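In what follows, a structure is listed as structure tokens, so that the remarks can point back to it.
Chains as they are written, first to last, in the numbering used here: chain D, 1 to 247; chain C, 1001 to 1125.
This is the structure we're talking about:
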């Protein structure tokens, strides 16, 4: 009975999906002629390689055409991290007070030698991959947000492998603030020299070069550092705040 | 040169086929095995071999990608056994009992008990 019901449900779902999508024009050109752009997408596709010399048009859209929006996104992330830290910080203080009173905590067994050695070898490789991803953000898929998240996973690996792995909070906070500030300053540079906020420079280099696209790689590196340090900060706050014990 | 590339191409196709068979067996193993540890080993062994050989196969079919794909293979060879080891160890220590026969013996239990006792002693000091 249950199986018949499941099959029936799957059939109904399949029918719904089919009805919803069978008229959708998959695989057709809905952007129009890229050379004579009529739509916004065609405009982006035409201008990101031609005038900005950015191979990855998604990056050109995120950092240049809609750079202001990205600044807002980074701010959202910053607010989330700050909110989390401010909620959890008080609990951390309470926890430290109970630890000072020598109350027995939860026993945490250490990770095995295999895991510790492996994490030690993998950690720099993960950091390198993250940095590669955000430095090549204007050439290959990926960019600041993705690279930053990869860096944070590297730190997460170290946090869960080593009980006593600590990152310096002040360094994290300084890096985060400075890269955020640098993003805004690049915007103001555009405002002063070219007349609008986050305006790209006139010099954009050659298509497919590592140093090309004007300010785009620079901004993406700032975003990468900011996201990486921010997420590491969040992980650090979350992992090192133990849940409140119920007496 | 042409002949060599052709041979490599067919070896690559064969490796991709072999890899997909292993991946399928791995999926079947995860579905059919009785407990966590058996599933873990089915999944890991099959997916390590399956993913490695299909990636190598793609590298042989497209020789210009070979170096990058070989790095990915090395990464899988390094990280996949490690992660499954960590998962199995953590789940044993958090109390998942392995599937045993009637007269089966759990040889790992004693060591874990001893280590737990040592840690408890250390934390109470």
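Every residue, glycine too, gets a C-beta built ideally from N, C-alpha and C.
None of the values given here were measured: they were computed from a predicted structure.
Is there a C-beta anywhere in chain C that falls below 8 angstroms from the one on residue 118 (chain D)? Looking up residue 118 (chain D) in the first chain gives position 118. So, interface residue.
For residue 163 (chain D), three-class secondary structure by DSSP: Numbered from 1 along the first chain, position 163 holds the residue referred to as residue 163 (chain D). The DSSP-derived three-state label of residue 163 (chain D) is coil.
Could you tell me whether the Cβ of residue 112 (chain D) comes closer than 8 angstroms to any Cβ of chain C? Here the question's residue 112 (chain D) lines up with position 112 in the first chain. Using beta-carbon distances, residue 112 (chain D) counts as an interface residue toward chain C, with a partner under 8 angstroms.
Just by C-beta distance, which residues in the region 122-134 of chain D are closer than 9 angstroms to chain C? Hits within the stretch, in order: 122 and 125.
Does the beta-carbon distance from residue 1047 (chain C) to residue 1026 (chain C) come in below 8 angstroms? For the purposes of this step, residue 1047 (chain C) is taken as the residue at position 47 of the second chain. For the purposes of this step, residue 1026 (chain C) is taken as the residue at position 26 of the second chain. It is a contact, given that the beta carbons lie within the stated cut-off.
Using the Cα positions of residue 162 (chain D) and residue 110 (chain D), report the straight-line distance between them to the nearest angstrom. Translated into positions along the first chain, residue 162 (chain D) becomes position 162. Translated into positions along the first chain, residue 110 (chain D) becomes position 110. For the pair residue 162 (chain D) and residue 110 (chain D), the Cα-to-Cα distance works out to about 8 angstroms.
8 angstroms Cβ shell around residue 31 (chain D) - same chain, five flanking residues per side excluded: Walking along the first chain from the start, residue 31 (chain D) turns up at place 31. The beta carbon of residue 31 (chain D) sits closer than 8 angstroms to those of 39, 41, 42 and 45, all from its chain and outside the five residues before and after it, given in chain order.
Can you tell me the Cβ-Cβ gap for residue 148 (chain D) and residue 123 (chain D), rounded? I've got them flagged as a contact below 8 angstroms. Here the question's residue 148 (chain D) lines up with position 148 in the first chain. Here the question's residue 123 (chain D) lines up with position 123 in the first chain. About 16 angstroms separates the two Cβ atoms, so there is no contact after all.
Note down, in chain order, all residues in the region 1048-1068 of chain C with a beta-carbon under 7 angstroms from any beta-carbon belonging to chain D. Going along the region 1048-1068 of chain C in chain order, one finds no residue with a Cβ nearer than 7 angstroms to chain D.
Is residue 238 (chain D) near residue 55 (chain D), with beta carbons less than 8 angstroms apart? Locating residue 238 (chain D) in the first chain gives position 238, where the first residue counts as 1. Locating residue 55 (chain D) in the first chain gives position 55, where the first residue counts as 1. No, the Cβ-Cβ distance between residue 238 (chain D) and residue 55 (chain D) is not below 8 angstroms.
Against residue 1079 (chain C), what residues of chain D qualify as contacts under a CB-to-CB distance less than 9 angstroms, listed in chain order? Mapped onto the second chain, residue 1079 (chain C) falls at position 79. By Cβ distance, chain D contributes 118 and 122.
So, does the CB of residue 1088 (chain C) fall closer than 8 angstroms to a CB anywhere in chain D? Within the second chain, the letter at position 88 stands for residue 1088 (chain C). No, residue 1088 (chain C) lies away from the interface with chain D (no Cβ there is under 8 angstroms from its Cβ).
Please confirm if residue 1082 (chain C) has its CB atom under 8 angstroms from at least one CB of chain D. For the purposes of this step, residue 1082 (chain C) is identified with residue 82 of the second chain, where counting begins at 1. With 8 angstroms as the cut-off, residue 1082 (chain C) counts as an interface residue toward chain D.
Assuming residue 183 (chain D) contacts residue 219 (chain D) (C-beta within less than 8 angstroms), just tell me the rounded distance between them. The residue labelled residue 183 (chain D) in the question sits at position 183 within the first chain. The residue labelled residue 219 (chain D) in the question sits at position 219 within the first chain. Rounded, the Cβ-Cβ distance is 6 angstroms, consistent with contact.
Do residue 1050 (chain C) and residue 1016 (chain C) have their C-beta atoms closer together than 8 angstroms? Start at 1 with the first residue of the second chain, and residue 1050 (chain C) comes out as number 50. Start at 1 with the first residue of the second chain, and residue 1016 (chain C) comes out as number 16. In this structure, the beta-carbon distance from residue 1050 (chain C) to residue 1016 (chain C) does not fall below 8 angstroms.
Please check the pair residue 72 (chain D) and residue 198 (chain D), which I expect to be a contact at CB under 8 angstroms, by giving their CB distance rounded to whole angstroms. On the first chain, residue 72 (chain D) is found 72 positions in, with the first residue counted as 1. On the first chain, residue 198 (chain D) is found 198 positions in, with the first residue counted as 1. Not quite, the Cβ-Cβ distance comes to about 12 angstroms (not below 8 angstroms), so this is no contact.
Hey, residue 179 (chain D) and residue 225 (chain D) are a contact pair by Cβ (cut 8 angstroms); roughly how many whole angstroms apart? Position 179 of the first chain holds residue 179 (chain D). Position 225 of the first chain holds residue 225 (chain D). In this structure residue 179 (chain D) is in contact with residue 225 (chain D), their Cβ atoms being roughly 4 angstroms apart against a cut-off of 8 angstroms.
Near residue 1093 (chain C), which residues of its chain fall below 7 angstroms by C-beta distance, leaving aside the five closest residues on each side in sequence? Within the second chain, the letter at position 93 stands for residue 1093 (chain C). Here the set comprises 1112.
Just curious, the alpha helix (DSSP H) that residue 47 (chain D) is in, first and last residue? Counting from one through the first chain, the residue named residue 47 (chain D) turns up at place 47. Run containing residue 47 (chain D): 40-50, per the alpha helix (DSSP H) assignment.
Would DSSP call residue 209 (chain D) helix, strand or coil? Within the first chain, numbered from 1, the residue matching residue 209 (chain D) stands at position 209. In this structure, residue 209 (chain D) counts as coil in the three-state DSSP scheme.
If we require 3 or more residues per run, which beta strand (DSSP E) segments fall completely within the region 108-168 of chain D? Whole beta strand (DSSP E) segments, 3+ residues: zero.
With a 10 Å radius around its C-beta and 16 neighbouring C-beta atoms as the bar for buried, classify residue 236 (chain D) as buried or exposed. For this step, residue 236 (chain D) is matched to residue 236 along the first chain. Counting Cβ neighbours within 10 Å, residue 236 (chain D) comes out buried, since at least 16 surround it.
Sort D:174, D:216 and D:37 by Cα distance to residue 139 (chain D) and report the nearest one. Looking up residue 139 (chain D) in the first chain gives position 139. With distances taken between Cα atoms, residue 139 (chain D) lies closest to D:216.
Answer with buried or exposed for residue 128 (chain D), where buried requires no fewer than 16 other C-beta atoms within 10 angstroms of its C-beta. Sequence index remark: in the first chain, residue 128 (chain D) carries index 128 (1-based). Classification of residue 128 (chain D): exposed, given that the 10 Å Cβ count is below 16.
Can you give the Cα-Cα distance for residue 126 (chain D) and residue 157 (chain D), rounded to whole angstroms? In the first chain, counting from the first residue as 1, residue 126 (chain D) sits at position 126. In the first chain, counting from the first residue as 1, residue 157 (chain D) sits at position 157. Near 10 angstroms, if we compare the C-alpha coordinates of residue 157 (chain D) and residue 126 (chain D).
Can you give the Cα-Cα distance for residue 82 (chain D) and residue 1062 (chain C), rounded to whole angstroms? Position 82 of the first chain holds residue 82 (chain D). Position 62 of the second chain holds residue 1062 (chain C). In a straight line, the C-alpha of residue 82 (chain D) is about 47 angstroms away from that of residue 1062 (chain C).
Could you check what DSSP says for residue 25 (chain D) in three-state terms: helix, strand or coil? On the first chain, position 25 is the one that residue 25 (chain D) refers to. Coil at residue 25 (chain D), not helix or strand.
If we count the other Cβ atoms within 10 Å of its Cβ and call it buried at 16 or more, is residue 192 (chain D) buried or exposed? Counted from its first residue, the first chain places residue 192 (chain D) at position 192. Exposed, by the Cβ-count rule.
Would a check of beta-carbon distances place residue 103 (chain D) closer than 8 angstroms to chain C? Locating residue 103 (chain D) in the first chain gives position 103, counting from the first residue. Here residue 103 (chain D) scores only 47 on pLDDT, less than 50, and its place in the model should not be relied on; the value that follows carries that caveat. Not closer than 8 angstroms to any Cβ of chain C, the Cβ of residue 103 (chain D) fails to qualify, so no.
For residue 61 (chain D), the three-state DSSP class (helix, strand or coil): Position 61 of the first chain holds residue 61 (chain D). In the structure shown, residue 61 (chain D) sits in a helix (DSSP, three-state: H, G or I).
How big is the Cα-Cα spacing for residue 1098 (chain C) and residue 1080 (chain C)? On the second chain, residue 1098 (chain C) is found 98 positions in, with the first residue counted as 1. On the second chain, residue 1080 (chain C) is found 80 positions in, with the first residue counted as 1. Straight-line Cα distance between these residues: approximately 21 angstroms.
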